[in-house]
Amino acid sequence: MPETKRYEFKGKHVLFHEMRHCIHSDKVKKKQGNREIKRQQSSRLRNTNCASTIHLRLERWRLELSHPLEVNIKFTHNHVIISAESLSFRRVNEKVRERFLELFKDGHSPASAMYTYEDELYLSAADEQELLLLLADRASNPDYEYIFNLFWQYRQDSLSDRNGSVMFRRLAEVVNDYNNSGKGRAILQEYDSRSGKAFILCVVTSLMSRVHEKILQSSEICYIDASASFEPLNTSITLLYTSCAVGALPLGLFITSDEFKITLEKALNLLKSILPQHAFYGRGVQLGPKIFLTDDSSAERNALELCWPESKDSTLIY
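Residue numbers (the numbering used here): 1 to 318.
Next up, the structure:
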């Protein structure tokens with residue numbers, strides 16, 4: 001039950017005094033707001049004027065007794081207790097909240113965290129009846145709105161504002177951990193509007209390194225495909241890949257805050273610094289593949305010509 005009144009004491013006789021009401025009571029409604037329903041499009045009633053209460057009182061003279069706390073329970077609910085509607089208004093359990101924070105730390109988005117947690121509920125339930133109760137109870141299975149707000153608060157506390165120093169410090173830690181993991185290599189250039197430095201993040205995974213080493217076509221042709229508008233900052237994601245009998249295989253990746261020629265040139269040079277020595281099937285980092293296939297972007301073509309002058313550039317019209 002939510003706490004509706006905590007008393008302040010000036011004397012020395014009463015040590016603790018608290019009143020709790022059912023979440024469907026008029027007292028809770030007045031304390032938490034005047035909204036009759038949780039969502040405007042919902043017909044679920046939260047305020048049913050339920051009179052059920054728990055009264056807690058601890059007096060000093062009772063401390064010597066075996067049961068010093070006085071608990072007065074008024075079990076007079078005017079609604080069904082174990083129902084999907086009643087359970088959907090319960091407060092989220094603190095352990096559940098901590099579990100979602102762990103999922104966010106592991107890199108989950110609100111949606112993927114919700115699906116992962118629901119899978120855990122399915123596996124933990126002993127039978128179908130228990131599973132239905134777990135899914136209906138907001139204390140054990142919070143709604144998406146709560147998960148999204150918790151994620152937003154977690155991101156603000158962990159990373160602060162976008163393009164802020166805290167975010168880049170955290171990103172630098174992630175890049176350093178990735179380089180020490182043996183799963184690939186990455187390099188970062190932090191965004192700095194004062195010096196005109198664009199944000200650049202280059203990644204070459206262990207899979208990409210093996211493609212460079214094992215696939216002959218990586219020495220012959222390299223496609224470059226840039227995409228944007230995936231998130232609020234509108235960063236550009238550029239993928240380098242080749243093609244063979246099994247389909248497209250990645251060779252490298254870089255993310256930039258813009259698509260100017262100077263930014264793309266810097267990104268390509270940073271990418272070259274983390275490519276393996278056997279890049280492009282042994283042709284090497286400096287020589288590059290025989291042909292680059294790009295879209296109709298002059299900035300892209302000019303940057304490629306500066307970074308890999310020995311390679312031929314062809315334009316692919318989509």
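Glycine included, each C-beta is placed from N, C-alpha and C at the ideal position.
{"Query": "Residue nearest to E300 in terms of C-alpha spacing, selected from G282, Y223, P289 and A248", "Result": "Y223"}
{"Query": "Outcome for Y115 when other beta-carbon atoms lying within 10 angstroms are tallied against a minimum of 16", "Result": "exposed"}
{"Query": "Whole-angstrom distance between S297 and K261, CA atom to CA atom", "Result": "10 Å"}
{"Query": "Residue range of the unbroken beta strand (DSSP E) whose run includes H17", "Result": "V14 to H21"}
{"Query": "S273, enclosing alpha helix (DSSP H) - first and last residue", "Result": "K261 to I274"}
{"Query": "8 Å contact criterion, which E220 and K290 should meet: CB distance rounded", "Result": "5 Å"}
{"Query": "Alpha-carbon to alpha-carbon, S236 and G252", "Result": "14 Å"}
{"Query": "8 Å contact criterion, which I215 and L240 should meet: CB distance rounded", "Result": "About 13 Å separates the two Cβ atoms, so there is no contact after all."}
{"Query": "C-alpha gap between V211 and I23, whole angstroms", "Result": "59 Å"}
{"Query": "Range covered by the alpha helix (DSSP H) that runs through K95", "Result": "E94 to K105"}
{"Query": "Neighbour-count burial assignment, T242, 16 or more Cβ in a 10 Å radius", "Result": "buried"}
{"Query": "Beta-carbon proximity check, L150 vs F89, cutoff 8 Å", "Result": "no"}
{"Query": "CA nearest to the CA of V204, picked from L271, K312, R60 and E102", "Result": "L271"}
{"Query": "Exposure label - D177; buried when at least 16 CB within 10 Å", "Result": "exposed"}
{"Query": "Cutoff 8 Å: Y115 Cβ touching any chain D Cβ", "Result": "The displayed structure is made up of one protein chain only, and chain D is not part of it."}
{"Query": "Inter-stretch contact (C-beta, 8 Å, three-pair minimum) for the region 45-58 and the region 72-82", "Result": "yes"}
{"Query": "Alpha-carbon spacing of C202 relative to E94, whole angstroms", "Result": "39 Å"}
{"Query": "Rounded C-alpha distance that separates M167 from W152", "Result": "14 Å"}
{"Query": "DSSP three-state assignment for A186, whether helix, strand or coil", "Result": "strand"}
{"Query": "Reduced DSSP category for H55 - H, G, I as helix; E, B as strand; rest coil", "Result": "strand"}
{"Query": "K290 in three-state terms, based on DSSP", "Result": "coil"}
{"Query": "Stretch pair the region 108-125 + the region 55-63: three plus CB contacts closer than 8 Å", "Result": "no"}
{"Query": "For G252: DSSP bridge partner residues", "Result": "L240"}
{"Query": "Straight-line Cα distance separating L87 from L135", "Result": "10 Å"}
{"Query": "Rounded Cβ spacing between L275 and E310 (contact assumed at less than 8 Å)", "Result": "At roughly 15 Å, the Cβ-Cβ gap does not stay under 8 Å, so L275 and E310 are not in contact."}
{"Query": "Cα-Cα separation, Q41 to D137", "Result": "Low local confidence applies: a pLDDT of 49 at Q41 is under 50, so the model's placement there is unreliable, with the coordinate-based value given in what follows. For Q41 and D137, the distance between alpha carbons rounds to 20 Å."}
{"Query": "Host beta strand (DSSP E) of N72 (start-end)", "Result": "L69 to K74"}
{"Query": "Secondary structure of S165, DSSP reduced to three states", "Result": "helix"}
{"Query": "Where Q41 falls: helix, strand or coil (DSSP)", "Result": "Confidence at Q41 is low in this model, with a pLDDT of 49, below 50, so its placement is unreliable and the value that follows should be read with caution. Three-state DSSP puts Q41 in coil, outside helix and strand."}
{"Query": "Through-space distance from L123 to V14, alpha-carbon basis", "Result": "47 Å"}
{"Query": "As assigned by DSSP and simplified to three states, the class of Y281", "Result": "coil"}
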